[in-house]
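Engineer: Below are the structure tokens for one structure; questions will follow.
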Amino acid sequence: MPWLIKTEPDCYSIDDFAREKKTRWTGVRNYQARNFMRDSMKVGDPILFYHSSSEPPGVAGLARVSAAADWDRTALDPKDQHFDAKATKENPIWMAVEVAFVQKFATFVELGTLRTTKGLEKMALLQRGQRLSIQPVTEAEFAAIVKLGEGKGR
DNA sequence: GCCAACGTTGGC
DNA sequence: GCCAACGTTGGC
Numbered sequence: 006m007p008w009l010i011k012t013e014p015d016c017y018s019i020d021d022f023a024r025e026k027k028t029r030w031t032g033v034r035n036y037q038a039r040n041f042m043r044d045s046m047k048v049g050d051p052i053l054f055y056h057s058s059s060e061p062p063g064v065a066g067l068a069r070v071s072a073a074a075d076w077d078r079t080a081l082d083p084k085d086q087h088f089d090a091k092a093t094k095e096n097p098i099w100m101a102v103e104v105a106f107v108q109k110f111a112t113f114v115e116l117g118t119l120r121t122t123k124g125l126e127k128m129a130l131l132q133r134g135q136r137l138s139i140q141p142v143t144e145a146e147f148a149a150i151v152k153l154g155e156g157k158g159r
């Protein structure tokens with residue numbers, strides 16, 4: 006199943022990802038998002054890499070799941086900004102999949118473009134009040150966005 | 001910087 | 001188990 010993952014590019018951008026090639030998607034502190042990683046994301050699943058809180062926000066490229074969810078080490082590190090005092094070795098609470106870089110889009114697909122693209126009306130990302138940082142995407146939505154991203158600039 | 005929407009916390 | 005208060009997300 007295709008997915009969308011959000012990141013603030015000031016923190017971790019598509020260019021950072023392109024350099025690093027693979028990264029553990031740590032720091033997610035929302036149970037619904039964790040459950041998606043733990044229960045539903047499968048190795049090989051395609052991912053839209055989304056820049057949030059940026060100007061403009063939008064889909065910057067593609068990734069794929071490269072390893073199943075494992076406990077999130079940042080939750081147990083008191084020096085990490087995502088440290089969670091309630092997490093223990095016995096019950097680490099938080100988990101993270103590993104994701105691999107696939108490509109940076111030739112055309113950054115802006116949120117505004119998504120909003121006006123036919124067929125994406127029901128996309129979770131575009132619904133009012135939606136702020137989940139990991140969300141499932143339908144095959145049709147994924148294909149439509151890849152087409153926009155791989156096309157030449159408008 | 002604003003603020004709507006949403007998740008979490010904690011008193012009761 | 002309710003719900004008010006609070007913190008966070010994230011577009012604008």
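Here the numbering used here is used: the first residue of the first sequence is 6, the next is one more, and so on. Just so you know, even glycine gets a beta-carbon here, dropped at the ideal spot from N, CA and C. Small disclaimer: the values here were computed from a predicted structure and weren't measured.
Pick from Pro83, Arg133, Tyr36 and Ser57: whose alpha carbon is nearest that of Val114?
Structural biologist: Out of Pro83, Arg133, Tyr36 and Ser57, Ser57 has the C-alpha closest to the C-alpha of Val114.
Engineer: Leaving aside the five residues before and after Arg29 along the sequence, list all residues of the same chain whose C-beta is less than 7 angstroms from its C-beta, in chain order.
Structural biologist: The residues are Ala101 and Glu103.
Engineer: Considering only DSSP beta bridges, list what Phe106 is partnered with.
Structural biologist: Ala68.
Engineer: What are the residues that DSSP puts in a beta bridge with Glu115?
Structural biologist: Paired residue(s): Gly63.
Engineer: Count the other CB atoms within 10 Å of the CB of Thr12; is the residue buried (16 or more) or exposed (fewer)?
Structural biologist: Result: buried.
Engineer: Using the Cα positions of Lys47 and Ala74, report the straight-line distance between them to the nearest angstrom.
Structural biologist: Distance between the alpha carbons of Lys47 and Ala74: 9 angstroms.
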